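Q: The sequence shown begins at 6 in the numbering used here and counts up one residue at a time.
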Amino acid sequence: MSLDFVDLDDPSQAVDEPGPLAPGVVLQAEDGSWIALRAPGDVPFHGTGPLGSLEKGLWIVDKPYEEAVVLGRRLRGISVRSDDYLKVSLTRIRSTWGLAGQRNADAIGIVSKVAARIHRLVSGAITPDARRLGFGDAGGVAFHLDRSSSLATGIAAANADALGLSADDDASGRMADHFLRAWQSGIYIADRKGREEGSVTLGFAHPRLGYALRIAGQDVPATATWQAASRKEGQSSPEFVAAVTAIGKPAIFRASCRPGHRQAPEYVEAYANGIGSANTYRTRYLGCEIEALSRHQDVSAESVLRGDRWIPSATGALLRNLEASAGGPDAARASWSVGIAAENILASAFRKVRKDAPGRTAEAVWIAARDRTAMLPAIQAIYDVGAVLVSAHLGRIVVRCPRDPEVLMLVVNAAWERGLVGDMDDGEALSACGVDMPSDPSLFGGENVDTLLSCIAQQRRRRALWVLDAIQDEPSSARAKAFRLKLS
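1) What residue range does the beta strand (DSSP E) around residue 293 cover?
2) Short of 7 Å in beta carbon distance, which residues of its chain neighbour residue 448, apart from the five on each side in sequence? Order them along the chain.
3) Where does residue 398 fall in DSSP's three states?
4) Is the segment 154-162 in contact with the segment 372-383, if contact means three or more CB pairs nearer than 8 Å?
5) Do the segment 231-239 and the segment 428-435 make contact, defined as three or more Cβ pairs closer than 8 Å?
6) Just tell me which of 316, 318, 315, 343 has its CA closest to the CA of residue 328.
7) How big is the Cα-Cα spacing for residue 288 and residue 186?
8) Verify whether the separation of the beta carbon atoms of residue 341 and residue 470 is less than 7 Å.
9) Report yes if the C-beta distance between residue 91 and residue 116 is below 7 Å; otherwise report no.
10) Does the count of Cβ pairs from the segment 201-208 and the segment 324-338 closer than 8 Å reach three?
11) If I'm right that residue 5 touches residue 30 with Cβ under 8 Å, what's the distance once you round it to whole angstroms?
12) Please report the straight-line C-alpha distance between residue 282 and residue 189, rounded to a whole angstrom.
13) With a threshold of 8 Å on Cβ separation, who are the neighbours of residue 100 within its own chain once the five nearest residues in sequence on each side are excluded?
14) Classify residue 244: buried if its beta carbon has 16 or more other beta carbons within 10 angstroms, exposed otherwise.
15) Rounded to a whole number of angstroms, what is the C-alpha to C-alpha distance between residue 462 and residue 68?
16) Look at residue 191 and residue 354 and say whether their C-beta atoms are less than 7 Å apart.
17) Per the DSSP calculation, residue 315 is bridged to which residue(s)?
18) Residue 55 to residue 76, Cα distance in whole Å?
19) For residue 266, does the three-state DSSP call read helix, strand or coil?
20) When we look at the beta-carbon of residue 313 and count the other beta-carbons within 10 Å, is it buried (16 or more) or exposed?
21) Closest to residue 238 by CA distance: which of 270, 307, 225 is it?
22) Could you give the first and the last residue of the continuous alpha helix (DSSP H) run that contains residue 210?
23) Taking 7 Å as the cut-off, decide whether the C-beta atoms of residue 217 and residue 351 are in contact.
24) Compare the beta carbon distance of residue 337 and residue 214 with 7 Å and say whether it is the shorter of the two.
25) Can you name, in chain order, every residue of its own chain whose Cβ lies under 6 Å from the Cβ of residue 58, other than the five neighbours on each side?
26) Whole angstroms is fine: what's the gap from residue 123's alpha carbon to residue 85's?
27) Starting from residue 371 and walking both ways along the alpha helix (DSSP H), at which residues does that stretch end?
28) Using DSSP bridges, identify the partner residues of residue 406.
29) I think residue 443 touches residue 417, with their Cβ atoms under 8 Å apart; what is that distance to the nearest whole Å?
30) Considering residue 86, what are the terminal residues of the alpha helix (DSSP H) in which it resides?
31) Do you know offhand how far residue 109's Cα is from residue 66's?
32) Could you tell me which of 419, 451, 414, 450 sits nearest to residue 439, measuring between CA atoms?
33) I'd like the list of long-range same chain contacts for residue 271, defined as Cβ closer than 8 Å, with 5 residues on each side in sequence excluded.
34) Spatial neighbours of residue 317 within its chain, please: CB distance less than 7 Å, with the 5 preceding and 5 following residues excluded, ordered by chain position.
35) Where does the unbroken beta strand (DSSP E) through residue 32 begin, and where does it stop?
36) With a Cβ-Cβ cutoff of 7 Å, do residue 221 and residue 83 count as a contact?
Pasting the structure below:
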């Protein structure tokens, strides 16, 4: 009889081992009473006032950071984290699953299951690399995730050594300064937050896992001794950029951006000259940014810093682990919770790595630039039909548009055709205005593998959403089969 062997480091074939203890959830009422539950348990705790009667472990409470810190003081063995620990708030989880306005006692079961699911998925993405990352097993994973103020920060701590492979190795910190000058996270329009009379604010997002793999799955610069070169006399800026790009090595250009013959859209101005972490206007750009900005502005590259070689992205490695352990592309892309786990992993690239600031690794700089560049076509398409940008970050685009049903219809259709999915809460508000969210799969502008979940979300079919998401409660090795059976 033949024997079948599988690679020990293949996340899709790993034998499931007991993972870290899932975080519990605490929902508080206005009268000071609270209800708490840690999945997979089904008997909640009840109490009033302090949380000292909770069992030991990590608990997420539906309070902002400052209040969560106060609640967690002087509690031995109990770690209290704020509402945004998972990057998606408990309030958002409740609204996504149709629990807004329901009693805490009726909501706690679903909310705790989803929180545990997201935490377990992240742990499952890190555990296959635990030994390589230097902490051995699931217990080491839990140590990093549970001691951090947020799940994304915990991921960054666990992945710190791998992220450090693209950090500055110059003791003088000269490259770290260039990384910081090239660093810009997202695109934001000043003074456009909040509500404005006669307008509607809408949020759209690229399918989370697919988008994260798209921008973080590419190679990033390795730690190296960087070299400098200047543009030669008589050489045009486009010729200089093309010559450097043809070498095929990492490059950061020193360049200036000025208005061209036509007025550039406001989001391009924010992209080009947004004030970054160094509190100065940007003068360092990557090649992909120069290519995008050159369509709207006059870009003059004067010099370049060139790295030595490319290496696989540490963030991308975790995302591929997540996809594999979730049952492969089809099952993973059909899960809302996998998407939230992917968003946390992607955000971890921008969190502090030990004493380094977010922009001081080349990986963070390159992922941030790819993120901004990837969102530009969708932003332009939405601008073309009458909306304006509020913010754009990690594939999520928030816009403001007139409270006009015709304009709103054009905006949601443009977003769908560019592969964006609207917020469920927005869909319900739009329906009240007589505007239906599009869900025709033939018009969806994203990848085919993302169409199923995107259509279900646009149609706000929460029961179907839950059936697909619950597949992630199966053992990792059984998720792909469970997905196929659900669709058969």
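Where is the CB? At the ideal position from N, CA and C, for every residue including glycine.
Bear in mind that the values here come from a model prediction, so they are computed numbers and not experimental data.
A: Let me spell this out:
1) Run containing residue 293: none in the beta strand (DSSP E); it sits in the alpha helix (DSSP H), 292-298.
2) 421, 422
3) strand
4) no
5) no
6) 343
7) 7 Å
8) yes
9) no
10) Because the criterion of three Cβ pairs below 8 Å is not met, the segment 201-208 and the segment 324-338 do not touch.
11) What the structure shows of the chain is the stretch from 6 to 493, and residue 5 is not part of that stretch, so it cannot be assessed.
12) With a pLDDT of 38 at residue 282, under the threshold of 50, the modelled position of that residue is not reliable, and the figure given next carries that caveat. C-alpha separation (whole angstroms): 7 Å.
13) Within its own chain, the residues whose Cβ lies closer than 8 Å to the Cβ of residue 100, once the five positions on either side in sequence are excluded, are 429, 430, listed in chain order.
14) exposed
15) 27 Å
16) no
17) The partner list for residue 315 (beta bridge, DSSP) reads 226.
18) 7 Å
19) coil
20) Classification of residue 313: exposed, given that the 10 Å Cβ count is below 16.
21) 307
22) From DSSP, residue 210 is part of no alpha helix (DSSP H) but of the beta strand (DSSP E) over 204-210.
23) yes
24) Yes, the Cβ-Cβ distance between residue 337 and residue 214 is below 7 Å.
25) Taken in chain order, the residues that qualify are 52.
26) Residue 123 and residue 85: Cα-Cα distance of roughly 17 Å.
27) 367-388
28) 205
29) 6 Å
30) Careful: residue 86 lies outside any alpha helix (DSSP H), inside the beta strand (DSSP E) at 83-86.
31) 12 Å
32) Ranking 419, 451, 414, 450 by Cα distance to residue 439 puts 414 first.
33) 194, 393, 394
34) Counting only Cβ-Cβ distances below 7 Å, and skipping sequence neighbours, we find 224.
35) 29-33
36) no
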